[in-house]
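For the sequence shown, the tail end lands on 832 under the numbering used here, and the numbers increase by one without skipping. Here's the structure, in structure tokens; my notes come after.
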Amino acid sequence: MRKVLLFLTMLGAAVAMGQDFNARVTVNHAQITTQNIQVFKNMETSILEFINSRKWAEMKIDANERIDINMVLNITEFDNVSNFRATLVLNASRPVYGSTYNTVILNHEDNDFQFSYVSFQQMNYNDQTFNDNFTSVLGFYMEIILGMTMDSYSLLGGSSYLTKANNVLIAAQSAGQAGWNAQDGATNKNRYYLIDDLTSDRFKDMRSAMYTYHRKGLDIMSKDLETGRNEITNAIKEIQKVAKLQPNSMWLKVFFNSKGNEIVSIYSTALATDKNKIVEILINIDPANTAKWQSIKNG
């Protein structure tokens, strides 16, 4: 997240409010030597218009409940015509009831984004039809973000959006595009594994835990801190059960990338006995971040 904020501060960002999202987009071309700088500004505009011109959600989302998206597209290759390679950094958050705090729903980096783009090209999106990789990848992540957000508001409430994201994957696979197949990129860390985890029955309990964590936990903490924190503990215990069966899943990595700092903050004011219990659980689930979890005891 610090990297995202740094890019936004240093480079400036295109910002706009849409029907469902408050989007902030930066196309970082610092690694590219070219005279055609305008194409990157046009790309920012195209992405913002794509996100904001569509009605993505199936229901009306009030202005104070819109999902914030910080997007940084780091261009790593450009052939000076229309072909690009990039990493896509996404941070999406939604408001917590009764507070001015936003909770991160997705903090994720896609390292295998290859696409073609010409200034102001048409971005025709349909979840069941592949038109181009630029549009499909962006549409895929909008559906993922909506699916995960709606899961945080109601039990399995994001199913229809996750189904659409899976449709995008299937259409892109049929078109032979990179980054959509199990063997593409780093093991267990690409788009295939992300949506496979989110739509698999193996992870239904984790989706339920997302509802408990957010709606029954975070959203009531402004009124009842202890009850809210206890519900978050219950959610993490459910995640622990899933982790025992799927210890190397991508979703677990995404969850802790998104929620790690927040979890530390939530438990920093807990009783010492509660701190010890949650630290033990967290280290069991995510031993790679033992130092982070141990820091809870110092809060």
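Cβ atoms here follow ideal geometry from the backbone N, Cα and C, with glycine treated the same way.
Cβ pair residue i, residue j closer than 8 Å
| i | j | result |
| --- | --- | --- |
| Asn561 | Val614 | no |
| Gln654 | Asn666 | no |
| Ile818 | Ile753 | no |
| Asn624 | Asn640 | yes |
| Met783 | Asp730 | yes |
| Ser687 | Tyr744 | yes |
| Phe736 | Val797 | no |
| Ile811 | Thr760 | no |
| Asp601 | Ser579 | no |
| Thr636 | His747 | yes |
Segment limits, alpha helix (DSSP H) that includes residue i
| i | result |
| --- | --- |
| Ser707 | Ser692 to Ser707 |
| Asn575 | Gln571 to Ser586 |
| Leu815 | Ala805 to Ile818 |
| Ala824 | Thr823 to Gln827 |
Nonlocal neighbours in the same chain, by C-beta distance under 8 Å from residue i, ignoring five residues either side
| i | result |
| --- | --- |
| Ala704 | Asp660, Gln661, Thr662, Phe663 and Ser669 |
| Lys536 | Bear in mind that the predicted position of Lys536 carries a pLDDT of just 40, short of 50, making it unreliable; the figure below should be weighed with that in mind. Here the set comprises Val605 and Val622. |
First through last residue of the beta strand (DSSP E) which encompasses residue i
| i | result |
| --- | --- |
| Glu833 | Nothing about residue 833 can be reported from this structure: the residues present for the chain run from 534 to 832 only. |
| Leu679 | Looking at the DSSP string, Leu679 is not in any beta strand (DSSP E); the run it does join, the alpha helix (DSSP H), is Asn666 to Tyr686. |
| Ala619 | Asn616 to Pro628 |
| Asn561 | Phe554 to Asn561 |
Span separating the alpha-carbon of residue i from that of residue j
| i | j | result |
| --- | --- | --- |
| Lys830 | Asn781 | 26 Å |
| Lys792 | Trp826 | 12 Å |
| Asn763 | Arg557 | 34 Å |
| Asn644 | Phe788 | 18 Å |
| Asn822 | Gly680 | 27 Å |
| Ala803 | Tyr674 | 35 Å |
| Ile594 | Leu751 | 20 Å |
| Phe554 | Tyr694 | 15 Å |
| Val572 | Ile638 | 31 Å |
| Glu610 | Tyr650 | 13 Å |
| Lys749 | Leu758 | 11 Å |
| Thr559 | Thr806 | 44 Å |
| Asp612 | Met656 | 21 Å |
| Ala596 | Ser685 | 18 Å |
| Asn714 | Ser755 | 43 Å |
| Trp710 | Gly551 | Correcting the residue type first, residue 710 is Gln in the shown sequence and not Trp. One C-alpha to the other measures close to 29 Å. |
| Ser801 | Ala824 | 14 Å |
| Asn585 | Arg599 | 11 Å |
| Gln706 | Ala619 | 19 Å |
| Gly545 | Asn569 | For Gly545, the predicted structure reports a pLDDT of 49, less than 50, and the residue's modelled location is therefore unreliable. The matter cannot be settled from this model. |
Contacting residues, own chain, Cβ-Cβ under 7 Å from residue i (five flanking each side not counted)
| i | result |
| --- | --- |
| Asn723 | Asp645, Gly712 and Asp717 |
| Met683 | Gly690, Gly691 and Tyr694 |
| Ser740 | Residue 740 is actually Arg in this sequence, not Ser. Contacts found: Asp684 and Leu689. |
| Ala742 | Ala768, Glu771 and Ile772 |
| Thr808 | Per the sequence shown, the amino acid found at residue 808 is Lys instead of Thr. Tyr800, Ile829 and Lys830. |
Neighbourhood of residue i by C-beta distance below 6 Å, restricted to the same chain and skipping five residues each side
| i | result |
| --- | --- |
| Ile728 | Ala698, Asn699 and Leu702 |
| Arg587 | none |
| Ser652 | Val572 and Asn575 |
At which residue ranges does the region 702-787 contain complete alpha helix (DSSP H) runs of 4 or more residues, listed in the order of the chain?
724-732, 737-744 and 758-778
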